[in-house]
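K.L.:
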Amino acid sequence: MSVMSVRPVRGTVDLFPDDSRRHRRVSETARELAERYGFGEINTPIFEFTDVFARTLGDVSDVVTKEMYTFEDRGGEHLTLRPENTAGVMRAFIAAKLQNALPLKYFYSGPMFRYERPQKGRQRQFHQIGVELFGVPGPAADVEVIALGAQVLAALNMLDQTVLHLNTLGDTPSRDAYRAALIDYFSGHKDQLSEDSLGRLEKNPLRILDSKDKNDRAVVEAAPVFDDYLTGEAADFFAEVRQGLDDLGVAYIRDPRLVRGLDYYCHTAFEFVTDALGAQGTVIGGGRYDGLAEIMGGPATAGVGWAGGIERLAMLADQTMEELEAPRPVALAPIGDAADRRLRQLAYELRGAGIVTDIGYSGNLKRRMARAAKVNAHTAVILGDDELVKGMATLRDMESGEQQEVPLDGIAAVLAARS
RNA sequence: GUGCCUGUAGCUCAGUUGGUUAGAGCGCCUGGUUGUGGUCCAGGAGGUCGCCGGUUCAAAUCCGGUCAGGCACCCCA
1 MSVMSVRPVR
11 GTVDLFPDDS
21 RRHRRVSETA
31 RELAERYGFG
41 EINTPIFEFT
51 DVFARTLGDV
61 SDVVTKEMYT
71 FEDRGGEHLT
81 LRPENTAGVM
91 RAFIAAKLQN
101 ALPLKYFYSG
111 PMFRYERPQK
121 GRQRQFHQIG
131 VELFGVPGPA
141 ADVEVIALGA
151 QVLAALNMLD
161 QTVLHLNTLG
171 DTPSRDAYRA
181 ALIDYFSGHK
191 DQLSEDSLGR
201 LEKNPLRILD
211 SKDKNDRAVV
221 EAAPVFDDYL
231 TGEAADFFAE
241 VRQGLDDLGV
251 AYIRDPRLVR
261 GLDYYCHTAF
271 EFVTDALGAQ
281 GTVIGGGRYD
291 GLAEIMGGPA
301 TAGVGWAGGI
311 ERLAMLADQT
321 MEELEAPRPV
331 ALAPIGDAAD
341 RRLRQLAYEL
351 RGAGIVTDIG
361 YSGNLKRRMA
371 RAAKVNAHTA
381 VILGDDELVK
391 GMATLRDMES
401 GEQQEVPLDG
411 IAAVLAARS
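Note that this note's numbering numbers the first sequence so that position 363 is 363, with each residue one more than the last.
Next up, the structure:
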């Protein structure tokens, strides 16, 4: 009989308590900040009808064409594990007919799934935090959303490890005009473009601007500039976003090569990027997507938001913040069955009182004390026959080694003061 | 999906031009302490050298395949 494989599936990992604590630090920090900004938490399903993503992400995007975990369930439904959460949140908003409740602000945190070749900071099941702000067409929303991202990074002590890249994708007339100009320009330089970029010329010419190929870059140097094709409205919008960020003192660099693949994106596009994580340097990315709601069959609704990769943020946090320690418990160390029973009662009482308490399951005093040290207890309570007859317990300070006897009755109050 | 690098104990790694029973540190276990941890001392357990196949008298070491991780690309958080 063969042994089952116990390894996790490629691109997935098990998060043991230390790892989970690191993830939680990121997501709770973000959740707290988001709530301060008025974003309420939303949890949409981890799988959706495939259409939710196929329609919104378009059939040309890599995410849809080769990276989705798509399957048919037993009822024949075509379902997909969510590769991102903006579509899910928008779907939920449309389904609940909340258009009269606008503006709406949502925060989420949870697993996403993409069939990609794994690298550090890039897994097949990964986790994102994100925010979506629906129903505000003006630039104040963009500024607020970006500011929240900056403050999340600041709270994680990593804002100065990142650079905010900012660009505008303009409105539809701007983008159509620019796209036409780009196609025209690049078509005249086909012989100098990489194979990748020739493909992009068909699907998504804006992406050529972002190419890392050396020859492409030379061609891009002389390519038309978006600013020349922005409508007055689009230029004004972008100027207001920049003014808003300046007012808050949120630093950014203009990055004309920062683009988005999908048509429903418009105006603001931004990414917080670090150079500390290699090629997976984008730690938060987002933008405005006013066209999304209609694509999904909902009422035209403005939207702007961002998503951040928890794994990447956690890796950066490890570099910028001190180690996270599990809470230090009081360790109870009984000697003998009578003391064990008494201390299990005490453990119940302490835990009920909110005190982190550890009590082992076997072993002599030496083992009990070793365990107390291992779980990083600040105090040990030693109880044996000697103490029991006196109604006392021995309290040991695990740092100094000092011990004192205290009455068993009322020991909870003493320990509460030490915890 | 493409190219390249890596894979030895729980962890981090060593292992001479292929050559006997594959090592170290940390961690773990036991004892030194019948009621005292973390320090110290002594001892111990733990490895089909990722997996499968090939070359060879002989493979951790060379070759092929495969799986996994990593770097870059693609794409993206």
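Built from N, CA and C at the ideal position, the CB exists for glycine as well.
1) For G75, name the three-state secondary structure that DSSP assigns.
2) Would you mind reading off the limits of the alpha helix (DSSP H) that contains Y348?
3) Put Q192 into one of helix, strand or coil per three-state DSSP.
4) Only counting the same chain, and skipping five residues up and downstream in sequence, which positions put a Cβ closer than 7 Å to that of F71?
5) What residues in its chain sit with their C-beta under 7 Å from that of V406, if we drop five residues either side in the sequence?
6) Which same chain residues, not among the five before or five after R22, have their C-beta less than 8 Å away from its C-beta?
7) Determine the direct distance from the alpha carbon of L33 to that of V259, and round the result to whole angstroms.
8) Short check: CB of P224 to CB of A269, under 8 Å?
9) Between T274, N43 and N85, which has its C-alpha nearest I56's C-alpha?
10) From the DSSP output, in three-state form, read off M1 for me.
11) Taking the straight line between their C-alpha atoms, what separation do you get for A54 and A380?
12) For E387, does the three-state DSSP call read helix, strand or coil?
13) Under the three-state reduction of DSSP, which class applies to I304: helix, strand or coil?
14) Can you tell me where the alpha helix (DSSP H) holding F186 begins and where it ends?
15) Between which two residues does the beta strand (DSSP E) holding V273 run?
16) How many angstroms separate the CA atom of P45 from the CA atom of D171?
17) With DSSP collapsed to three states, give me the class of P407.
18) What does a CB cutoff of less than 6 Å around R368 pick up in its chain, not counting 5 residues either side in sequence?
19) Mapping DSSP to helix, strand and coil, what is V381?
20) Below 8 Å, can you find three or more Cβ-Cβ pairs linking the stretch 144-152 to the stretch 304-314?
21) Could you work out which residue in C266, S109, V136 and K374 is closest to T29 when comparing CA atoms only?
P.N.:
A quick look at the data gives this:
1) coil
2) D337 to G352
3) Helix.
4) L79
5) M392, A393, L395 and V414
6) A314, A317, D318 and L324
7) Approximately 27 Å between the Cα atoms of the pair.
8) In this structure, P224 keeps its C-beta atom at 8 Å or more from the C-beta atom of A269.
9) Note on identity: in this sequence residue 56 is Thr, with Ile being the wrong assignment. When each option's Cα is compared against that of T56, the closest is N85.
10) Confidence is the limiting factor: at M1 the pLDDT is only 38, short of 50, which leaves the residue's position unreliable, though a coordinate-based value still follows. In the structure shown, the three-state DSSP call for M1 is coil.
11) 58 Å
12) helix
13) The sequence shown places Val at residue 304, not Ile. The answer is strand: DSSP assigns V304 an E or B state.
14) T172 to S187
15) It spans C266 to T274 - the beta strand (DSSP E) in which V273 sits, taken as one unbroken run.
16) Taking the straight line joining both Cα atoms gives about 32 Å.
17) Three-state DSSP puts P407 in a strand.
18) For R368, where only same-chain residues beyond five positions count, the Cβ hits under 6 Å are A333 and G360.
19) V381 falls in the strand class under three-state DSSP.
20) yes
21) S109
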